[in-house]
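Numbering follows the UniProt record's numbering, in which position 190 of the sequence shown is assigned residue number 190; successive positions increment by one, without gaps. Ideal placement from N, C-alpha and C gives every residue a C-beta, glycine not left out.
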Amino acid sequence: MTPTTPSPARTDHDPDAPGGPAAGTAAAMPGPRPTQATARAGTAAAMPGPRPTQATARVIPAADPPQPPTAAAPPVVTAALAPPAGWAAEAVAAVRRDPSTLATHLAWAARRTSREALRPATDPGGTVHGTVADAARAALVVAAFDSGLDPAALAGELRDRYREGDSGERRGVLRGLDALTVRGPLPPELVAAGRELAADALRTNDPSLVAAATGPFAAAHLDQHTWRHAVVKLVFQQVSLDAVAGLTERADAELARMAGDLAAERRAAGRTVPDDLARIAGPRNQES
């Protein structure tokens, strides 16, 4: 069955685009930005069936568990899994208590934390390694998982947050799935939702979304065909392949062939071959 494609990200005036200008301060926002989820927050109708307790929330199937990537966690995931401080600590605690507040806190994260890049020296826009706000939002997704919310309900909530969110909120959902993947095996409901959302991000022309869709979740759960094309798309978008988790582990002969063909086309046209393209092309395709 073909999943429903979420509506396009709001990118025309996205205040959270990496490297973009701030769109106001908390003082200019008298209250949380309403979303469809906050309108139904706190009601039983928000999620099908009773919300289980933490003790009974989820059972991970023992058969064929997802395998997290062996590569080191990217900076945005490391930051997301670190003990939060300030507003982020309060927000994480609030979402753990009541996951229906996830939408509100995701919307406020950039204004209450920072849009600064996590690795400004090498990634000033935060496209490759993420921003402080990306990490805060990822931590909120982890907190929603830790709240004891039923996996199917959480999967639906993440789909809503991605579908209704701007580019920054969408990155936060994807980075949150990365953080959960690094922590351990995911319930099948979250794997299915994550694949759907990653596929949508990879169809966009937003480099920050494409980069966010090539992290640890993608390394562990995307099929090889989709993953290869994601890597090549980053090369086309001139985004460093440092964004790709598990690149060495998952690179194969077909990816090398694709990279070699692209490198040959660029040389034939008298254009330079990006270093990252040579990085994934086979040795026979790396002539300058």
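Please list, in chain order, all residues of the same chain as residue i whose beta carbon is under 8 angstroms from its beta carbon, the five residues on each side excluded.
| i | result |
| --- | --- |
| L154 | P99, A144, F145, E189, L190 |
| L81 | A73, A139, V142, A179, V182, R183 |
| G31 | Below a pLDDT of 50, predicted positions are generally treated as unreliable, and G31, at 44, falls in that range; no measurement from the model is reported. |
Check each candidate in the options and name the one with the smallest Cα separation from residue i.
| i | options | result |
| --- | --- | --- |
| D134 | T248, A82, Y162, G176 | G176 |
| A85 | P75, A73, S114, A121 | S114 |
| R171 | G156, A192, A152, T131 | T131 |
| L197 | E164, L262, E116 | E164 |
| L202 | A230, T104, S167 | A230 |
| L222 | D206, A192, V239, Q237 | A192 |
| D252 | L262, A263, A243, Q224 | Q224 |
| T204 | R96, K233, W227, G215 | K233 |
| A79 | R119, D200, T104, T214 | R119 |
For residue i, I'd like the list of residues in its chain whose CB is within less than 6 angstroms of its CB, leaving aside the five on either flank, ordered along the chain.
| i | result |
| --- | --- |
| D276 | V235, L241 |
| A136 | A88, A109, T113 |
| A93 | none |
| R96 | A143, D146, S147 |
Taking 8 angstroms as the threshold (C-beta atoms), are residue j and residue i in contact?
| i | j | result |
| --- | --- | --- |
| E169 | R159 | no |
| G246 | F217 | no |
| I280 | A264 | no |
| L174 | A212 | yes |
| P207 | V244 | no |
| R228 | E254 | yes |
Who does residue i pair with in a DSSP beta bridge?
| i | result |
| --- | --- |
| A117 | T131 |
Got a sec? Which residues, its chain only, sit under 7 angstroms from residue i by beta carbon, not counting five neighbours each side?
| i | result |
| --- | --- |
| residue 289 | Lying outside 1 to 288, the shown extent of the chain, residue 289 is not represented and no answer is given. |
| L106 | R137, L140, R161, G165, E169, G172 |
| P75 | L118, R119, H129, G130 |
Would you list, in sequence order, the uninterrupted alpha helix (DSSP H) runs of no fewer than 4 residues that lie entirely inside the segment 193 to 253?
Uninterrupted alpha helix (DSSP H) stretches at least 4 residues long and entirely within the segment 193 to 253 occur at 207 to 212, 216 to 221, 224 to 236, 247 to 250, given in chain order.
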